[in-house]
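Student:
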C-alpha cells in the first residue's frame with residue numbers, strides 16, 4: 397500500500413513520542429514502530445532524568461553542562477550540551493505536568509538523587525540532580541508519553557519494520573516498511589522523516605539492550621550514503637548482572653552502593669578518589685576490567701561485587717525495588733544480605749546519525765543539512781554525549797532533542813512540499829526480502845549472530861588494540877559475505893519473525909562495521925574508547941568527530957572528520 | 305544441564321485450518337529463562353516458531369503467554385522453577401494471530417477507552433505541581449503496569465465476554481483516579497460504571513495471581529467499585 401503523511405516518525409520510544417507530540421495537532425503525522433510503543437527500550441531505563449532543579453541542594457544548569465562535557469571527555473559539541481542542560485529543567489517540569497509520578501521530597505517537590513559524574517560547582521562533589529521514579533524512571537516516562545500520545549490522538553502503525561529510507565533530489569522522501577502482521581511491504585511518502593530507532597547493543601554478547609535494539613535507523617541511513625558519527629564511542633555500563641547483562645541501575649551506587657573486589661576492597665577509592673563509585677561509567681567499567689585482569693575478580697573469575705547490604709531494607713524497597721527484584725530473580729541473590737555479582741555490559745551508543753541541535757541530519761564535515769531528514773534519541777549524534785554519556789542524560793536527551801526535532805519538522809513541513817518518490821521506491825526493500833526468503837540451505841542466522849556478538853565483545857569491547865580491531869574487521873568481512881547466504885525456514889508471510897531477525901542481523905553487521913572502522917582509526921583513548929596500544933588522550937590529533945561512510949568498494953568504510961564545537965570549557969585532563 | 309520437553313501450541317494462518325501441537329527437546333541450564341529455551345528452539349530447531357519478546361527481563365511486557373496453564377512472562381521464569389515437561393500456549397481471551405502471538409489491538413483499545421492520561425485543566429505552575437509522598441504512594445501500584453495482558457488473559461469474565469473492559473484498563477484508570485493531581489475521576493468512573501465496566505468483575509483473583517509486577521489487581525478494582533458506590537475517592 398501507499399501512504400502519505402507530512403511527517404513519518406520511525407520509532408516510538410521517548411524521542412519518537414516526544415517528536416510526535418509536537419506534530420500531532422498541526423500536521424498529519426504517523427509513528428511507525430516495530431514493537432507496540434510501550435515495549436520500546438526507553439521503558440527499561442531505570443535511574444532517572446537529570447535536571448538542575450535544585451530541589452534538595454543548590455544546583456545550576458551550567459554545572460550540569462560542565463559535567464556533561466567533561467563526562468564526554470571533551471568530545472561533546474558544547475552548544476548542544478548547553479541546550480541539554482538548560483532545556484532539561486523545563487522538560488522535566490513538562491513531564492510532571494503530564495502526570496509523571498516522580499518520587500517526592502517531604503515537602504512535595506520532585507525528589508532528586510546523586511548519580512555518576514554529576515557534580516556541584518564544576519566537579520567539587522556529587523550533587524543530587526537525578527529526578528527519579530523509584531528505579532523505573534524510564535518505564536514511567538514511556539508510559540506518560542504514550543498516554544499523552546493517546547490524548548493527542550497520534551496515529552500509530554504498530555509492528556511495522558522500516559526497511560529503507562527514501563531520498564530523492566537531495567532530500568527526504570519517505571520510508572519503506574514491512575507490516576509484520578501481513579508480510580506486506582508499504583511505501584510511506586513524507587515531507588519529513590524523523591529517525592528515532594534507538595541503539596544497537598545486540599552486537600555485543602553481554603548487553604543490557606532488548607532484543608529489538610538492532611541499530612535499524614543507523615544501518616538504513618548508512619546504506620543510503622549518510623555517515624555515522626563517532627560509532628567507536630560505545631558505552632559499557634559497569635553493573636550488569638553477571639553473565640546475563642541485565643542492567644542494575646547506577647542509582648544503586650547513587651543511593652550508596654559500593655563496588656568490591658575479591659579482597660572486599662572498595663577499589664574505586666584508588667582509581668577515583670573524589671567520586672569513587674560515582675565516577676563516570678566508562679571509567680568504572682575499565683577499572684573493573686583492570687581489577688579482573690590483575691586477578692582480583694571474585695574467586696579469580698570475571699566479575700566483581702555490587703554491595704548494597706549496608707543500605708537497609710527501607711531504601712532497597714522504596715528506591716531500588718526493581719534492582720533488588722532483578723538480583724533475586726536472575727541470580728537468586730538477596731541484596732539485603734549478600735553482595736551481587738556484576739560485570740560491565742554493553743549499554744549505550746554515544747555515536748549515530750549526525751544531527752545539528754535542531755535534530756536535522758547533517759551529512760559532512762561542514763554540517764550540510766539533508767533537508768527533511770531528522771534524528772533524535774540514541775540513534776542520533778548531536779553530539780551531546782561525546783565519548784561517554786553520563787547516567788540520566790539519555791532520558792533528558794530524548795525529551796529535549798526529540799522535542800526540538802519535532803518542532804523543527806513542524807516548521808519544515810509548513811514551508812516545504814513533498815519530494816517526488818524515486819522510481820520503484822520499494823525495489824530495494826523487496827529485493828532484500830526476496831533474497832532472504834529465496835536463499836536455499838546455507839548459513840544460519842544463529843551462527844552468524846553468535847560469532848558477531850562473541851567477537852565484538854572480545855575485540856571491540858571495553859579494551860581494544862590495533863591487532864584485535866583488525867582481526868574484527870576481517871571477521872566482519874567474512875560474516876557479511878556469509879550473511880548474503882543466510883536462509884530461513886519460515887517461508888510464511890504472516891508475522892514472520894525469522895525474516896525480521898535476519899533483516900535485523902544485517903543492520904547489526906553494518907553498525908559493527910562502522911564501529912570497528914572508527915575504533916581502528918582513532919589512535920588514542922578517549923571516554924569509552926580505550927586503546928591499550930594508545931592509552932592516552934590525544935587532543936592534538938583526535939579532538940574531532942569521526943564520520944564513517946559506507947565505501948564504494950565492498951567491505952570498505954571511508955572515514956572523514958569534523959571539528960568539535962568548544963565554547964565554555966577548554967579540554968582538560970579528566971580526573972575525578 | 306538437563307533436557308526438557310516443550311509442548312507448544314502452533315497455528316500458522318497461511319497453512320493451518322486449526323491449531324496443533326509441536327514438541328521440542330531442549331537442553332537448558334537452571335538459570336536459563338524460559339525465553340532462552342524458546343529462542344534456542346527458534347534458532348536451532350524450528351525457525352517458524354513465532355512469539356513476541358524484547359527486553360528479556362520483565363519490563364516491556366512483550367512475552368506474556370500461558371505456561372502450564374498460567375499466564376506468565378517467558379523472560380522472568382527460570383528453568384529451575386519449571387518441570388521437565390512444559391506446555392506453552394498463547395494467552396486465552398485474545399484472538400490468535402500466529403503461534404504464541406495474539407492480537408493486542410483490542411486490549412490497547414480498551415486501555416484507551418478509560419482516558420489513560422492526566423486530566424487537569426488548571427494552568428500548570430511554572431514548576432512542579434506539589435504532591436506529598438503519601439499522595440504519591442496512594443496510586444503507586446497502578447503505575448507499575450506494563451500492559452502485558454497477563455491479567456486480562458487470565459480472567460474468566462474476559463473469556464466469557466471479550467467486550468468487557470478488563471482488569472488492566474481498570475488498573476490504569478485507578479492510577480489516575482487516585483492521583484491527587486488528576487481531576488478526571490468522575491469522567492473515568494462514569495465510563496467504568498457500566499455493565500461492561502467494573503461491575504463485571506466477580507473477584508475471581510486470577511488477575512492478581514497472574515500479574516508479573518505483583519500488582520494487587522483485584523484490590524485496585526475493588527477500590528474503584530467502592531469509589532463508585534460511595535461517590536468519593538477520599539482525596540484531601
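Chains as they are written, first to last, in our numbering: chain A, 397 to 972; chain B, 305 to 540.
No residue lacks a Cβ here, since even glycine has one placed at the ideal position from N, Cα and C.
According to DSSP, is residue 766/A helix, strand or coil?
Tutor: strand
Student: Return no unless some Cβ of chain A is closer than 8 Å to the Cβ of residue 332/B.
Tutor: no
Student: Who are the near neighbours of residue 929/A in its chain, counting only those whose CB is closer than 6 Å to its CB and skipping five residues on each side?
Tutor: Cβ within range, chain order: 861 and 862.
Student: Indicate the three-state DSSP secondary structure (helix, strand or coil) for residue 534/B in the structure shown.
Tutor: helix
Student: Strictly below 7 Å CB to CB, what residues from chain B border residue 716/A?
Tutor: Result: empty, since nearest Cβ-Cβ is about 14 Å, beyond 7 Å.
Student: When you compare only the Cα positions, how much space is there between residue 761/A and residue 523/A?
Tutor: Whole-angstrom Cα-Cα distance: 37 Å.
Student: For chain B, check one thing: does any of its Cβ atoms lie closer than 8 Å to the Cβ of residue 607/A?
Tutor: yes
Student: Find the residues of chain A that neighbour residue 317/B, judging by a C-beta separation of less than 8 Å, and give them in chain order.
Tutor: 890
Student: Quick check on the DSSP output: the alpha helix (DSSP H) that includes residue 435/B runs from which residue to which?
Tutor: No alpha helix (DSSP H) contains residue 435/B, which DSSP labels as neither H nor E.
Student: For the alpha helix (DSSP H) that residue 527/A lies in, which residues bound it at each end?
Tutor: Not the alpha helix (DSSP H): residue 527/A falls in the beta strand (DSSP E), residues 521-527.
Student: Measuring straight from C-alpha to C-alpha, what distance separates residue 798/A and residue 790/A?
Tutor: 11 Å
Student: By alpha-carbon positions, which one of 525/A, 444/A and 939/A ends up nearest to residue 531/A?
Tutor: When each option's Cα is compared against that of residue 531/A, the closest is 444/A.
Student: Does residue 585/A come out as helix, strand or coil in the three-state DSSP assignment?
Tutor: Collapsing the DSSP output to three states places residue 585/A in a strand.
Student: DSSP puts residue 331/B in a beta bridge; with which residues?
Tutor: 307/B
Student: Counting C-beta neighbours from all protein chains within 10 Å, is the total for residue 513/A 16 or more, i.e. buried, or is it exposed?
Tutor: buried
Student: For residue 923/A and residue 780/A, I'd like the C-alpha separation in whole angstroms.
Tutor: Roughly 13 Å between the two C-alpha positions.
Student: How far does the alpha helix (DSSP H) with residue 478/B in it reach, from first residue to last?
Tutor: 470-481
Student: Please report how far the alpha carbon of residue 404/A lies from the alpha carbon of residue 755/A, in whole angstroms.
Tutor: 14 Å
Student: Using a C-beta to C-beta distance shorter than 7 Å, which residues of chain B count as neighbours of residue 439/A?
Tutor: 363 and 364
Student: At the 8 Å Cβ level, is residue 428/B part of the contact set with chain A, yes or no?
Tutor: Interface with chain A (8 Å Cβ-Cβ cutoff): residue 428/B is included.
Student: Suppose you measure from the CA of residue 584/A to the CA of residue 571/A; what does that come to, to the nearest Å?
Tutor: 5 Å
Student: If you reduce the DSSP assignment to three classes, tell me which class residue 502/A lands in.
Tutor: coil
Student: Thinking just about the alpha-carbon of each residue, which of 420/B, 419/B, 376/B and 371/B is nearest to the one in residue 311/B?
Tutor: 371/B
Student: Less than 8 Å separating the beta-carbons of residue 564/A and residue 735/A?
Tutor: no
Student: In chain order, what residues of the region 648-673 of chain A put their CB closer than 8 Å to some CB of chain B?
Tutor: Correct list: empty, as no residue qualifies.
Student: If we define contact as Cβ-Cβ less than 8 Å, is residue 485/B a contact residue for chain D?
Tutor: In the displayed structure, chain D is absent; the protein chains listed are A and B.
Student: With the cut-off set at 8 Å, would you say residue 475/A and residue 788/A are in Cβ contact?
Tutor: no
Student: Looking only at its own chain, which residues have a Cβ that is under 7 Å from the Cβ of residue 406/B, when we skip the five neighbours before and after it?
Tutor: Result list for residue 406/B: 394, 395, 398, 399 and 400, in chain order.
Student: Can we count residue 314/B as close to the ligand ATP, meaning its CB is less than 7 Å from some heavy atom?
Tutor: Absent from the structure shown: the ligand ATP. Ligands present: none.
Student: Do residue 517/A and residue 429/A have their C-beta atoms closer together than 8 Å?
Tutor: no
Student: For residue 525/B and residue 376/B, I'd like the C-alpha separation in whole angstroms.
Tutor: 21 Å
Student: Going straight from the alpha carbon of residue 516/B to that of residue 932/A, what length do you get?
Tutor: 47 Å
Student: Looking at the C-beta of residue 578/A, does it have a partner C-beta in chain B at a distance below 8 Å?
Tutor: no
Student: Compute the Euclidean distance between the alpha carbons of residue 838/A and residue 825/A, then round it to the nearest angstrom.
Tutor: 22 Å
Student: Let me see if you follow: with CB-CB separation under 8 Å, is residue 348/B close to chain A or not?
Tutor: yes
Student: Specify, as a first and last residue, the run of the alpha helix (DSSP H) that residue 855/A falls within.
Tutor: Segment 841-855, the alpha helix (DSSP H) holding residue 855/A.
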